[in-house]
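To start, the structure under review is shown below, and the notes come after it.
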Amino acid sequence: MTDQHNIILLPGDGIGPEVTRAMQTILNAVAAKFTLNLHCNEKLFGGAAIDATGTSLPDDTLSACLASDAVFLGAVGDPKYDGAPVRPEQGLLSLRAQMQVFANLRPVAIMTGLEDFSPLRAERVHGTDMLIVRELTGGVYFGEREESDENASDLCRYSRAEVERVARIAFTAAQARSGKLVSVDKANVLATSRLWRNAVNALHRDEFPDVELTHQLVDSMAMKLITDPSAYDVMLTENMFGDILSDEASVISGSIGLLPSASLGTNGPGLYEPIHGSAPDIAGQDIANPIGAILSAAMMLRHSLGLEEPAAAIEAAVQSALGSGLRTHDLGGDTGCSAAAAAIAGQL
Ligand code: NAD
Ligand code: IPM
Ligand code: MN
Numbered sequence: 001m002t003d004q005h006n007i008i009l010l011p012g013d014g015i016g017p018e019v020t021r022a023m024q025t026i027l028n029a030v031a032a033k034f035t036l037n038l039h040c041n042e043k044l045f046g047g048a049a050i051d052a053t054g055t056s057l058p059d060d061t062l063s064a065c066l067a068s069d070a071v072f073l074g075a076v077g078d079p080k081y082d083g084a085p086v087r088p089e090q091g092l093l094s095l096r097a098q099m100q101v102f103a104n105l106r107p108v109a110i111m112t113g114l115e116d117f118s119p120l121r122a123e124r125v126h127g128t129d130m131l132i133v134r135e136l137t138g139g140v141y142f143g144e145r146e147e148s149d150e151n152a153s154d155l156c157r158y159s160r161a162e163v164e165r166v167a168r169i170a171f172t173a174a175q176a177r178s179g180k181l182v183s184v185d186k187a188n189v190l191a192t193s194r195l196w197r198n199a200v201n202a203l204h205r206d207e208f209p210d211v212e213l214t215h216q217l218v219d220s221m222a223m224k225l226i227t228d229p230s231a232y233d234v235m236l237t238e239n240m241f242g243d244i245l246s247d248e249a250s251v252i253s254g255s256i257g258l259l260p261s262a263s264l265g266t267n268g269p270g271l272y273e274p275i276h277g278s279a280p281d282i283a284g285q286d287i288a289n290p291i292g293a294i295l296s297a298a299m300m301l302r303h304s305l306g307l308e309e310p311a312a313a314i315e316a317a318v319q320s321a322l323g324s325g326l327r328t329h330d331l332g333g334d335t336g337c338s339a340a341a342a343a344i345a346g347q348l
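The sequence shown: position 20 = 20 (the numbering used here), numbered continuously.
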């Protein structure tokens with residue numbers, strides 16, 4: 001038996017527990033195949049934690065996450081907390097901040113046989129394979145907030161150091177891929193975006209002159225993402241632009257249910273979550289697509305546990321299951337969440 005890896009599972013709300021179970025089916029299969037010692041411990045988080053303890057991120061959950069090798073999150077959120085004083089999403093923002101996972105990697109690619117599921121024409125999406133690097137612990141998500149019935153404000157603030165550390169990750173990723181990086185901002189209007197652009201340019205000049213860097217304003221990026229997605233490789237952007245552009249990019253692949261993410265800091269455990277939410281409209285029916293969750297587990301093995309071969313095996317199993325016709329409901333098929341996981345485990 002190899003070293004023990006301690007993984008905290010935060011199933012959360014809505015379809016979160018369903019896709020987490022599906023992901024566990026794959027972890028069990030990969031552990032058996034490669035004789036891995038993956039030790040999973042489940043904790044309360046999000047709405048489930050509010051109901052049980054009054055807070056979305058209980059101390060016990062946070063300390064377990066900080067002491068782990070990696071954290072897997074299903075999803076949080078439920079319409080029943082709309083207007084409530086404590087929201088499940090606050091727990092997620094607080095967890096990202098406390099784990100200091102400032103770089104959120106969201107790969108978007110067209111998978112085997114899924115060209116026709118994109119809302120864009122197959123020839124337009126052909127060859128799309130990009131990595132969105134979203135800053136995750138700064139910007140308007142974490143600025144001072146004021147809220148009254150008559151006035152509200154959300155402050156967007158970035159420091160040069162915050163831009164540099166996430167840009168370094170994006171430049172390094174670009175070096176390992178095609179050598180191209182597009183940095184997305186709104187420098188024609190926002191001061192934070194001008195700082196962003198200056199910091200990215202300085203880092204390019206000083207540390208990564210070999211990378212081909214371009215800048216794109218976020219509004220035209222939203223348009224180009226749809227008209228010419230295969231022209232982009234690594235895309236770096238700030239927190240809120242990255243939130244919006246990554247959901248937009250997700251549908252190019254056919255469904256938001258397919259996309260994984262990894263959130264990384266300088267050291268310490270990473271946080272792994274599918275990019276979709278708790279999907280209250282389909283929760284409890286065993287029809288969610290578990291592939292985003294399963295591919296997030298592959299990213300977890302690769303980035304936090306140093307298990308490249310098992311990670312690649314999970315990705316290959318997903319591709320071959322799709323290649324053999326696996327289709328969940330969001331892809332027009334009738335395979336359920338747990339059945340999809342069983343089919344992918346079978347490929348392993
Ligand atoms: P959502 O991503 O939950 O759902 C958007 C649409 O995509 C829905 O029609 C849903 O059925 C579909 N969908 C999402 N995941 C799917 C999957 N795996 N398989 C098949 N279809 C899927 O976004 P929303 O409805 O805007 O948000 C719902 C709740 O989730 C909100 O409370 C929101 O704050 C929260 N949320 C949480 C996270 C997270 O936990 N990381 C991410 C996004 C949204
Ligand atoms: C995401 C989600 C979160 C975000 C919400 C739930 C706080 O939309 O992970 O993309 O905006 O970052
Ligand atoms: Mn989002």
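Every residue gets a Cβ at the ideal spot worked out from N, C-alpha and C, and that includes glycine.
- Query: For S118, is the beta carbon positioned less than 8 Å from some heavy atom of ligand 1?
  - Reply: Counted from its first residue, the sequence shown places residue 118 at position 118. It does not: the Cβ of S118 is nowhere closer than 8 Å to a heavy atom of ligand 1.
- Local conformation of Q232 per DSSP, three classes: As a working mapping, residue 232 is identified with position 232 in the sequence shown. The residue asked about is misnamed: residue 232 is Tyr in this sequence, not Gln. It is coil, neither helix nor strand.
- In the DSSP assignment, find the unbroken beta strand (DSSP E) run with V76 in it and report its ends. The residue you call residue 76 lines up with position 76 of the sequence shown. Premise fails: V76 is in no beta strand (DSSP E) and is neither H nor E.
- Message: For G242 and L36, I'd like the C-alpha separation in whole angstroms.
- Response: As a working mapping, residue 242 is identified with position 242 in the sequence shown. As a working mapping, residue 36 is identified with position 36 in the sequence shown. G242 and L36: Cα-Cα distance of roughly 34 Å.
- Flag G284 as yes when its Cβ comes closer than 8 Å to any non-hydrogen atom of ligand 1, and as no otherwise. As a working note, residue 284 is residue 284 in the sequence shown. Incorrect: G284 has no Cβ contact closer than 8 Å to ligand 1.
- Return the CA-CA distance between L195 and N41, expressed in angstroms with no decimal places. Along the sequence shown, one-based indexing puts residue 195 at 195. Along the sequence shown, one-based indexing puts residue 41 at 41. Their Cα atoms are separated by approximately 41 Å.
- Task: Would you list the one or two residues that DSSP bridges to M111?
- Result: Translated into positions along the sequence shown, residue 111 becomes position 111. Note: M111 sits in no beta bridge, so no partner.
- List in chain order the residues whose CB is within less than 6 Å of at least one heavy atom of ligand 3. Result: D243 and D247.
- Message: Please determine whether the Cβ atom of I15 lies at a distance below 8 Å from any heavy atom of ligand 1.
- Response: Taking the sequence shown and counting its residues from 1, one reaches residue 15 at position 15. For ligand 1, at least one heavy atom lies less than 8 Å from the Cβ of I15.
- Just the Cα atoms here: how many angstroms apart are R124 and A152? On the sequence shown, residue 124 is found 124 positions in, with the first residue counted as 1. On the sequence shown, residue 152 is found 152 positions in, with the first residue counted as 1. If you take the alpha carbons of R124 and A152, they lie about 41 Å apart.
- Bridge partner(s) assigned by DSSP for S296: Here residue 296 corresponds to residue number 296 of the sequence shown, with the count starting at 1. According to DSSP, S296 bridges with nothing at all.
- Message: Excluding the 5 residues flanking S304 on each side, which residues of the same chain have their C-beta closer than 7 Å to its C-beta?
- Response: Residue numbering aside, residue 304 sits at position 304 when the sequence shown is read from its first letter. Result list for S304: D69, A70, P269 and G270, in chain order.
- Among residues of its own chain, excluding the 5 on either side of L57, which ones have a beta-carbon nearer than 6 Å to its beta-carbon? Reading the sequence shown from its first residue, position 57 is the one you call residue 57. Within the same chain, L57 has close Cβ partners G91, S94 and L95.
- Under 9 Å between C-beta atoms of L258 and V200: Within the sequence shown, residue 258 is the residue found at index 258, counting from 1. Within the sequence shown, residue 200 is the residue found at index 200, counting from 1. No, Cβ-Cβ distance for L258 and V200 is not below 9 Å.
- Task: For V189, name the three-state secondary structure that DSSP assigns.
- Result: As a first step, residue 189 must be located in the sequence shown, where it is residue number 189. V189 falls in the coil class under three-state DSSP.
- Item | Residue(s) in a DSSP beta bridge with D154 | Counting from one through the sequence shown, the residue named residue 154 turns up at place 154. Partner residues in the beta bridge of D154, as assigned by DSSP, are R145.
- Is it true that the CB of A48 sits closer than 9 Å to the CB of H276? If you number the sequence shown from 1, residue 276 lands on position 276. If you number the sequence shown from 1, residue 48 lands on position 48. Contact flag unset, no.
- Heavy atom of ligand 1 within 8 Å of P290 beta-carbon: Within the sequence shown, residue 290 is the residue found at index 290, counting from 1. At a cut-off of 8 Å, the beta-carbon of P290 counts as near ligand 1: some heavy atom of the ligand is closer than that.
- Task: Can you say whether M372 is buried or exposed, counting buried as having 16 or more other CB atoms within 10 angstroms of its CB?
- Result: Because the chain here runs from 1 to 348, residue 372 falls outside it and cannot be looked at.
- Query: What separation, rounded to the nearest whole angstrom, lies between the Cα atoms of M23 and P290?
  - Reply: For the purposes of this step, residue 23 is identified with residue 23 of the sequence shown, where counting begins at 1. For the purposes of this step, residue 290 is identified with residue 290 of the sequence shown, where counting begins at 1. Taking the straight line from one Cα to the other gives about 7 Å.
- Query: Alpha carbon to alpha carbon, how far is S246 from I282?
  - Reply: For the purposes of this step, residue 246 is taken as residue 246 along the sequence shown, with counting starting at 1. For the purposes of this step, residue 282 is taken as residue 282 along the sequence shown, with counting starting at 1. Each residue's alpha carbon lies about 21 Å from the other.
- Query: Is any heavy atom in ligand 2 found nearer than 8 Å to the beta carbon of E66?
  - Reply: Indexing the sequence shown from 1 puts residue 66 at position 66. Looking at the sequence shown, residue 66 is not Glu but Leu. Result no, Cβ not under 8 Å from ligand 2.
- Message: Only counting the same chain, and skipping five residues up and downstream in sequence, which positions put a Cβ closer than 7 Å to that of A170?
- Response: Numbered from 1 along the sequence shown, position 170 holds the residue referred to as residue 170. If we look at A170 and ignore the five residues flanking it on each side, its Cβ neighbours are V133, L181, V234 and L236.
- Taking all protein chains shown into account, do 16 or more other C-beta atoms lie within 10 angstroms of the C-beta of R302, making it buried, or fewer, making it exposed? The count along the sequence shown starts at 1 and reaches residue 302 at position 302. Classification for R302: buried.
- Query: So, helix, strand or coil for H276, using DSSP?
  - Reply: The residue you call residue 276 lines up with position 276 of the sequence shown. H276 falls in the coil class under three-state DSSP.
- Message: On the criterion of 16 or more Cβ atoms from any shown chain inside 10 Å, does R165 qualify as buried, or is it exposed?
- Response: Residue numbering aside, residue 165 sits at position 165 when the sequence shown is read from its first letter. So R165 ends up on the buried side.
- Message: Using a Cβ distance threshold of 8 Å, determine whether the segment 108-123 contacts the segment 246-256, with at least three qualifying pairs required.
- Response: yes
- Message: Rounding to the nearest angstrom, what Cα-Cα distance links A173 and D149 in this structure?
- Response: Here residue 173 refers to the residue found at position 173 of the sequence shown. Here residue 149 refers to the residue found at position 149 of the sequence shown. For A173 and D149, the distance between alpha carbons rounds to 44 Å.
- Task: Return the CA-CA distance between N28 and C156, expressed in angstroms with no decimal places.
- Result: The count along the sequence shown starts at 1 and reaches residue 28 at position 28. The count along the sequence shown starts at 1 and reaches residue 156 at position 156. In a straight line, the C-alpha of N28 is about 42 Å away from that of C156.
- Task: Classify P260 as helix, strand or coil using the three-state DSSP reduction.
- Result: Position 260 of the sequence shown, counting from 1, holds the residue named residue 260. Three-state result, P260: coil.
- May I ask you to report which of helix, strand or coil DSSP gives V133? Position 133 of the sequence shown, counted from the start, is the residue given in the question as residue 133. DSSP places V133 in strand when its eight states are reduced to three.
- Give me the Cα-Cα distance between D185 and T61, rounded to the nearest whole angstrom. Counting from 1 along the sequence shown, the entry for residue 185 is found at position 185. Counting from 1 along the sequence shown, the entry for residue 61 is found at position 61. In a straight line, the C-alpha of D185 is about 35 Å away from that of T61.
- Message: Using only the alpha-carbon positions, how far apart do G46 and D210 sit?
- Response: What you label residue 46 is simply residue 46 of the sequence shown in a count that begins at 1. What you label residue 210 is simply residue 210 of the sequence shown in a count that begins at 1. One alpha carbon belongs to G46, the other to D210, and they sit about 43 Å apart.
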